[in-house]
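Just below is one structure, and these are the notes that go with it.
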Amino acid sequence: MKQVSSKSKKKDVWQIILILLLAVLLLTLASSFFASALLLNKVNNLEINGIALKAERAEVRLLRNHFVLKTVKITDSAKNSVLIPEISLDGLHYLQWVFGNKIEINKLSVSSPQVNLQVPFKLPTSDSTSKAGIADYEMLFNKIELKNATISIHQHRDFVQLSGLDISLQDFRKSENKDTAQKQFDFGELEINAENFQFTFKDSLYMFSAKQLAVSSFEKNVKIKEASLVSTYSKYEIGHKTGVETDWYAIDLGAINMDGLDLDALKTDQSLQLSFVNFEKFEAEIFRDKRLPFPNKPDTKLPMDMINNLSFKLHIDSAFIKDGMVTYEEHVKDAKNAGAIEFTNLHASLFEISNNKVLIDEPTLIKADARLMGGPLLDIVFEFPNKKFPVEHHVTGSLQPTEMNIVNPFLNTNMAADIEQGKISTFRFNFLYDNDIAHGSLLLEYDNLKVNLIDREDNSVKRIKTFLINKIALHSNNQRYENNFQAGKIDFKRHKKKSVFNYWWKSLLSGIKSVITAI
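Note that the sequence shown covers residues -12 to 506 in our numbering.
The following block contains the structure:
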């Protein structure tokens, strides 16, 4: 009888354990069900400074410490919206939340969000009276993942879009400085990848695009593939769209590699710092229809003024263009076609591109060389003042010996003239400039210059005018060993509405004219 009683007691114990397990399971399931309903109710009644959040469904799995929101929509009064198919949260640290005034989460995943923002927009400022009830909490996300996002940002007619965007962020933290009552944000490693990037700007006239954009804080680099800057209208359409002279661009940049990204400087000092930028390709076509009125526009800033006026700190140690090509075309009044000048085999090195005085070690320089119309090599060096070295703007350069008729494709169409003969043996220049005027010297030695003036109607030579210009208006020879040698003088007053390239070219042209013209 005692043995039977012992077996019966063991059976009863196991039954009690099983009942308790079932009770815990049922309680957990019930708690998860009620927690899901409670979470959905809280979310759908959440509003922070005009930003509302709505979700279709919530799932809470307490045993796994896992929370999911399905089909989440975030909107505000400015028509900004975020649509997210799924948000999942893993590893909420309950005790820190309840007793430590801190919210710590192991992982936050946001899947396939579609974000539409209107600029300017203001992020909500958290305060203790917000309905969220978490404004004063320190927050720590050990990992945040954004997967396959599409982000569109509009500002008037400017437009930015990223698609196929993935972001991985480690150790994101929000804390509060009690002395200043300011919120502070920090994060660890950052990885960004986007399959397509588009930036349409300047009243939708131009678009920068790239097939891939990648940022890695671990490797400290930014990589952009198949980058280009193009006009959104054709060569002649863009001017008719604006009604004034307007630059048309088609620039293929290929791959752009940026190394030495200092993420800490970007976070703490809003300073973009790079050690090296490399453009593997630079093929540019630029066109302007000069028959249209010149635009009424603000004065064009010189390059370093533009950099110094940036709203953020910038420092790039060096940048390089490996092998480029630039073609510039103009269509002038009464010309049937546009005239072009071309620079091939372009190589350029840029140093100390910076408005951050603390990091500047030397003056800002650009050293470039290219072949003019595929022929003689043009070497040129630009020196710019920066915040640490306020030197003068300085340009020096030289051109290899060449036949002068190499520029006929541009002269014939744009100036109704061509060079029948003439050979340059020496061409060197050296000038300084500021915001108002350029002055310097030019050495141009040549032989047997003869110019023809062309009738635009039938492309024939205007013989009488050609005879007079060659006999009276031009020097046919200019050599240092001759008595009538003419030293070139660069003296040009800047047209401040026009580009800096126009300033450089017209300064150089003033020196050329001072040598070849006799009147």
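Each residue gets a CB set at the ideal place from its N, CA and C atoms; glycine is no exception.
Here T351 is buried. Its C-beta has 16 or more other C-beta atoms within 10 Å.
Counting of Cβ neighbours within 10 angstroms places P285 among the exposed residues, the total staying below 16. Around the beta carbon of Y490, 16 or more other beta carbons sit within 10 angstroms, so the residue counts as buried. Of Y420, Q387 and L364, the smallest CA-CA separation from F371 is found for Y420.
The beta-carbon separation of S258 and N332, rounded to 35 angstroms, does not stay under the 8 angstroms limit for a contact.
At least 9 angstroms separates the beta-carbon of K484 from that of P280.
The C-alpha of K277 lies about 14 angstroms from the C-alpha of F397. Annotated as distal: Q171 and F146, with beta-carbon spacing of 9 angstroms or more. For L461, no beta strand (DSSP E) encloses it, and the DSSP letter there is neither H nor E. When the Cα atoms are used, V217 and E43 turn out to be separated by approximately 42 angstroms. Secondary structure note for F266: it is in no alpha helix (DSSP H), and the uninterrupted beta strand (DSSP E) holding it is S258 to F266. Residue pairing from DSSP places M194 in a beta bridge opposite T187 and V217. Contiguous beta strand (DSSP E) elements confined to the stretch 125 to 172 occur at 125 to 142 and 145 to 164, taking only those with 3 or more residues.
Distance from the Cα of L70 is smallest, within the candidate group A306, L127, L40 and Q408, for L40. Annotated three-state conformation of I424 is strand, per DSSP. By the Cβ rule, the stretch 421 to 429 counts as touching the stretch 463 to 479, because three or more pairs are nearer than 8 angstroms. Between the alpha carbons of D310 and F269 lies a gap of roughly 7 angstroms. P363: not part of any alpha helix (DSSP H); DSSP gives it neither H nor E. Looking at the backbone, the Cα of N67 and that of S139 are separated by about 10 angstroms.
Nearest Cα to N180 within the set K212, D158 and Y193: K212. DSSP places D292 in no beta strand (DSSP E) but in the uninterrupted alpha helix (DSSP H) bounded by P290 to N295.
Segment contact: the stretch 399 to 407 against the stretch 438 to 456, three or more CB-CB distances shorter than 8 angstroms; contact assigned.
Contact annotation: N439 and A322 have beta-carbon atoms that are not nearer than 9 angstroms.
As for any alpha helix (DSSP H) of minimum length 4 sitting wholly inside the stretch 318 to 403, the runs are 395 to 402, ordered along the chain. Where R443 is concerned, there is no enclosing beta strand (DSSP E), because DSSP gives it neither an H nor an E.
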